[in-house]
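Take the sequence shown: its position 426, counted from the start at 1, is 426 in UniProt numbering, and no numbers get skipped.
Here is the structure we will look at.
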Amino acid sequence: MAPALALLVLLAVAVSLAGADDPYRYYTWTVTYGPINPLGTTQQGILINGQFPGPRIDCVTNDNLIVNVVNNLDEPFLLTWNGIKQRKNSWQDGVAGTNCAIPPGANYTYKFQAKDQIGTFFYFPSLALHRAAGGFGALNVYQRPAIPVPYPPPAGDFTLLVGDWYAAGHKQLRQALDAGAAALPPPDGLLINGAQSATFVGDLGRTYLFRVSNVGLKASVNVRIQGHSLRLAEVEGTHPVQNAYDSLDIHPGQSLAFLVTLDKPPLDYAVVVSTRFAAANLTAVGTLHYAGATARAPGPLPPPPPGQFDWSLNQARSFRWNLTASAARPNPQGSFHYGTIPTSRTLVLASSSSAVLAGRRRCAVNGVSFVVPDTPLKLADNYNIANVMDWDGVPARPVGGAPPRAGTPVVRLNLHEFVEVVFQNTENEMQSWHLDGYDFWVVGYGNGQWTEMQRQTYNLVDAQARHTVQVYPNGWSAILVSLDNQGMWNLRSAIWDRQYLGQQLYLRVWTPEQSFANEYSIPTNAILCGRAAGLPH
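See the structure below:
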């Protein structure tokens with residue numbers, strides 16, 4: 001072949017490959033009520049295609065996911081994709097501020113991409129305490145063959161959806177909160193993959209990856225495996241330094257993965273999940289079964305960690321970002337030197353569960369309790385519908401002395417700002433905060449009241465990146481986030497009764513330079529409701 005012709009052929013192949021779509025995966029999910037038996041007695045659960053928990057999604061970085069959700073419940077319904085960044089596409093986020101709910105008897109097709117992500121995620125219902133009845137499932141994103149992960153391929157992986165569970169139905173729990181209950185009562189049990197026990201089978205001498213997500217409503221949990229070390233391998237889509245732990249704390253909304261080598265005598269070993277920082281200790285016990293084992297390992301169940309908050313805080317500080325590992329693209333995670341970037345603004349967000357509005361207890365952020373509007377904020381912004389949201393309606397710092405108020409606050413931020421957010425906990429219970437659309441660096445944890453002097457303690461080199469951060473009682477957690485994803489994004493409590501009662505707000509990340517390079521247009525199949533009903537797409 002002549003050199004010029006060969007060059008033309010190579011160019012044509014390159015253009016063809018560059019223009020090819022990433023793979024598509026199609027799902028049709030029917031959401032129904034059905035009988036479940038997680039605590040030993042039958043109760044009504046939310047099933048997806050008849051399953052509790054729902055179907056697991058296994059996909060590869062940059063796969064396009066097309067999920068048609070048919071709502072056969074008696075209430076409006078939405079799913080959100082916890083930890084999936086929805087690059088340029090908050091239209092698919094599946095929360096009340098971005099999407100109209102799917103009416104009973106109707107359907108909506110989510111169309112999104114696991115763009116530049118590898119890791120352990122999950123989905124769950126975002127409305128009306130449906131999460132207390134099920135409807136959640138695992139979403140695992142595997143790396144493309146060209147992108148190495150910083151550990152040898154495991155012999156297999158196991159998914160563990162862990163969390164607290166209530167014998168009462170979601171409607172009963174919702175009625176209690178609507179009637180003025182300050183919080184949900186203590187849960188009735190813990191579940192592993194929808195049951196009080198589960199079995200994981202492996203071969204002697206081989207190493208397995210355990211993917212764990214806390215899908216519960218409010219309880220922090222600790223996970224441990226009898227006689228085995230847990231080597232931390234992934235935290236919410238990023239690779240940490242692979243420290244070994246006897247056990248790991250996982251707070252509401254969080255996910256992580258660890259490696260376990262089956263290097264003990266071939267027996268059955270206990271996989272223990274127990275509540276943390278709770279008055280009543282709840283435990284679920286699964287089994288790590290060595291293939292061919294015929295007896296259980298001797299001895300008691302491994303105990304929970306010693307102490308309370310200090311132990312957990314020290315473990316959290318030990319999580320470090322692996323600067324040399326590749327991310328979902330072939331470059332080191334640490335190639336983005338976050339600690340050298342000046343911040344454009346600081347938000348200090350103090351939460352409270354003691355606000356009383358219209359005679360009912362609510363949760364508030366800097367004195368403002370979020371009220372879900374009749375029109376999703378994303379639609380109101382798109383169609384310039386007035387009087388739906390309170391622009392910058394939450395103070396940037398806590399305001400002492402002012403009475404709490406109801407509102408629908410949206411903080412306006414510019415695309416590509418670099419922002420410091422401090423979560424201040426003034427109460428005696430654990431908190432957990434999640435930001436849709438982003439990962440962030442957890443640069444500091446501390447006790448007491450945060451001040452600017454605390455910045456001297458920040459980790460500005462290898463702080464762990466994640467999307468959900470715990471805040472210890474009467475303490476603070478600080479994050480840095482690069483606002484590179486345009487859209488309307490929910491910043492909320494991952495403790496679900498607090499979120500339901502108003503501990504949330506939205507960030508509108510925007511630029512006047514409108515382009516598909518920044519954000520996609522409203523989907524042609526978007527459901528229009530409230531004051532947007534009947535408007536053209």
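Using N, Cα and C, we set each Cβ at its ideal position, and we do this for glycine too.
Keep in mind the model is a prediction, meaning the values are calculated, not measured.
Using DSSP's beta-bridge definition, name the partner residues of LEU209. For the purposes of this step, residue 209 is taken as residue 209 along the sequence shown, with counting starting at 1. DSSP output for LEU209 lists ASP157 and LEU259 as bridge partner(s).
Consult DSSP for TRP165 and reduce its assignment to one of helix, strand or coil. What you label residue 165 is simply residue 165 of the sequence shown in a count that begins at 1. In the three-state scheme derived from DSSP, where H, G and I count as helix and E and B as strand, TRP165 is classed as strand.
How big is the Cα-Cα spacing for GLY448 and LEU313? Counting from 1 along the sequence shown, the entry for residue 448 is found at position 448. Counting from 1 along the sequence shown, the entry for residue 313 is found at position 313. Each residue's Cα considered, the two are about 13 Å apart.
Other residues of its chain near ALA278: CB distance less than 7 Å, five sequence neighbours each side excluded: Locating residue 278 in the sequence shown gives position 278, where the first residue counts as 1. Around ALA278, the same chain offers PRO186 and ALA219 as residues with beta carbons nearer than 7 Å, after the five sequence neighbours per side are excluded.
Runs of 3 residues minimum, wholly inside the stretch 394–464: which ones carry the beta strand (DSSP E) assignment? Correct list: 405–407, 409–414, 418–425, 431–435 and 440–447.
Can you give me the C-alpha to C-alpha distance between TRP419 and GLN113, rounded to a whole angstrom? Walking along the sequence shown from the start, residue 419 turns up at place 419. Walking along the sequence shown from the start, residue 113 turns up at place 113. The sequence shown places Val at residue 419, rather than the Trp named in the question. Distance from the CA of VAL419 to the CA of GLN113, rounded to the nearest whole angstrom, comes to 26 Å.
Would you kindly work out how many angstroms separate the C-alpha atoms of LEU415 and LYS88, rounded to a whole number? Position 415 of the sequence shown, counted from the first residue, corresponds to residue 415. Position 88 of the sequence shown, counted from the first residue, corresponds to residue 88. If you take the alpha carbons of LEU415 and LYS88, they lie about 11 Å apart.
So GLY54 and PHE136 are supposed to be a Cβ contact under 8 Å. How far apart are they, rounded? Locating residue 54 in the sequence shown gives position 54, where the first residue counts as 1. Locating residue 136 in the sequence shown gives position 136, where the first residue counts as 1. About 6 Å separates the two Cβ atoms, so the contact holds.
What residues in its chain sit with their C-beta under 7 Å from that of VAL399, if we drop five residues either side in the sequence? One-based indexing of the sequence shown puts residue 399 at position 399. Cβ neighbours of VAL399 beyond the five flanking positions: ASN366 and GLY367.
DSSP has PHE121 in a bridge; who is on the other side? As a working mapping, residue 121 is identified with position 121 in the sequence shown. Partner(s): LEU139.
Where PHE258 and PRO125 are concerned, what is the direct C-alpha to C-alpha distance, given to the nearest angstrom? Numbered from its first residue, the sequence shown carries residue 258 at position 258. Numbered from its first residue, the sequence shown carries residue 125 at position 125. Counting only the Cα atoms, PRO125 lies some 26 Å from PHE258.
DSSP state of THR343, grouped into three classes? Counting from 1 along the sequence shown, the entry for residue 343 is found at position 343. Reduced to three states, the DSSP call for THR343 is coil.
Under 8 Å, with one C-beta from each stretch per pair, do the stretch 315–322 and the stretch 239–248 reach the 3-pair mark? yes
Taking DSSP as the reference, what is the three-state secondary structure of GLY534? By one-based count along the sequence shown, residue 534 stands at place 534. In the structure shown, GLY534 sits in coil (DSSP, three-state: anything other than H, G, I, E or B).
C-alpha distance - PRO148 paired with SER326, whole-angstrom precision: One-based indexing of the sequence shown puts residue 148 at position 148. One-based indexing of the sequence shown puts residue 326 at position 326. Taking the straight line joining both Cα atoms gives about 7 Å.
Less than 8 Å between the CB atoms is what I'm expecting for VAL442 and VAL469, so what's the real figure, rounded? Stepping through the sequence shown from its first residue, residue 442 is reached at position 442. Stepping through the sequence shown from its first residue, residue 469 is reached at position 469. Confirmed, Cβ separation roughly 5 Å.
How many Å lie between ALA155 and ASN387 at the Cα? As a working mapping, residue 155 is identified with position 155 in the sequence shown. As a working mapping, residue 387 is identified with position 387 in the sequence shown. If I take the Cα positions, the gap works out to 55 Å.
Which class does PHE112 belong to by DSSP, given the choice of helix, strand or coil? Along the sequence shown, read from residue 1 onward, the residue named residue 112 stands at position 112. The DSSP-derived three-state label of PHE112 is strand.
Can you give me the Cβ contacts of TYR33 inside the same chain, cut-off strictly under 6 Å, excluding the 5 residues immediately before and after it? Here residue 33 is taken as the residue at index 33 of the sequence shown, counted from 1. Its chain contains GLN44 as the residues whose beta carbon lies nearer than 6 Å to that of TYR33, once the 5 sequence neighbours on both sides are disregarded; these appear in chain order.
Just tell me which of ASN490, PHE423 and MET389 has its CA closest to the CA of GLY437. By one-based count along the sequence shown, residue 437 stands at place 437. Considering only alpha carbons, the answer is ASN490.
Among ALA146, ASN140, GLY253 and ILE36, nearest to TRP496 - alpha-carbon criterion: Start at 1 with the first residue of the sequence shown, and residue 496 comes out as number 496. Per the Cα distances, GLY253.
Per DSSP, the bridge partner or partners of ARG361: Translated into the one-based positions of the sequence shown, residue 361 becomes position 361. For ARG361, which the question treats as bridged, DSSP gives the partners VAL356.
If we count the other Cβ atoms within 10 Å of its Cβ and call it buried at 16 or more, is SER335 buried or exposed? Here residue 335 refers to the residue found at position 335 of the sequence shown. Per the 10 Å Cβ criterion, exposed.
By the three-class DSSP mapping on this structure, what secondary structure does ALA6 have? Within the sequence shown, numbered from 1, the residue matching residue 6 stands at position 6. The predicted model places ALA6 with a pLDDT of 37, which falls under 50 and marks its position as unreliable, so this point remains unresolved.
SER255 and VAL221: beta carbons closer than 9 Å? The residue given as residue 255 occupies position 255 in the sequence shown. The residue given as residue 221 occupies position 221 in the sequence shown. Cβ distance not < 9 Å, so SER255 and VAL221 don't count as in contact.
Have a look at GLU452 and GLY444 and give me their C-alpha separation to the nearest angstrom. Indexing the sequence shown from 1 puts residue 452 at position 452. Indexing the sequence shown from 1 puts residue 444 at position 444. Spanning the alpha carbons of GLU452 and GLY444 requires a straight line of approximately 12 Å.
With burial defined as no fewer than 16 other Cβ atoms inside 10 Å of the residue's Cβ, what is the status of ILE527: buried or exposed? In the sequence shown, the residue the question calls residue 527 occupies position 527. Buried, by the Cβ-count rule.
Selection from SER369, TYR108 and GLY202 that minimises the alpha carbon distance to ARG405: Looking up residue 405 in the sequence shown gives position 405. Checking every option, the nearest Cα to that of ARG405 belongs to SER369.
Assuming THR375 and GLY530 are in contact, meaning their beta carbons sit under 8 Å apart, how far apart are those beta carbons, in whole angstroms? As a working note, residue 375 is residue 375 in the sequence shown. As a working note, residue 530 is residue 530 in the sequence shown. Contact between THR375 and GLY530 holds: their C-beta atoms lie close to 3 Å from each other, under 8 Å.
Can you say whether PHE121 is buried or exposed, counting buried as having 16 or more other CB atoms within 10 angstroms of its CB? Position 121 of the sequence shown, counting from 1, holds the residue named residue 121. PHE121 should be labelled buried.
Identify the continuous beta strand (DSSP E) that holds GLN196 and give its terminal residues. The count along the sequence shown starts at 1 and reaches residue 196 at position 196. That residue, GLN196, is in no beta strand (DSSP E); it is neither H nor E in DSSP.
Rounded separation between ILE225 and LEU262 - CA only: The count along the sequence shown starts at 1 and reaches residue 225 at position 225. The count along the sequence shown starts at 1 and reaches residue 262 at position 262. Roughly 11 Å between the two C-alpha positions.
Would you verify that the beta carbon of ALA244 is, or is not, closer than 9 Å to some beta carbon of chain B? Going by chain labels, chain B is absent from the structure shown, which holds only one protein chain.
What does the Cβ neighbour count give for GLN308, buried or exposed, with the cut at 16 atoms within 10 Å? Translated into the one-based positions of the sequence shown, residue 308 becomes position 308. Exposed, since its Cβ has fewer than 16 Cβ neighbours within 10 Å.
Nearest candidate by alpha-carbon position, reference ALA183, set LEU161, SER344, SER354 and TYR338: The count along the sequence shown starts at 1 and reaches residue 183 at position 183. Of the listed residues, the one whose Cα sits closest to ALA183 is SER354.
Between ASN214 and GLY163, which are expected to be in contact by the criterion C-beta below 8 Å, what is the C-beta distance as a whole number of angstroms? Your numbering for residue 214 matches position 214 in the sequence shown. Your numbering for residue 163 matches position 163 in the sequence shown. Indeed, because the Cβ distance is near 5 Å, the residues count as touching under 8 Å.
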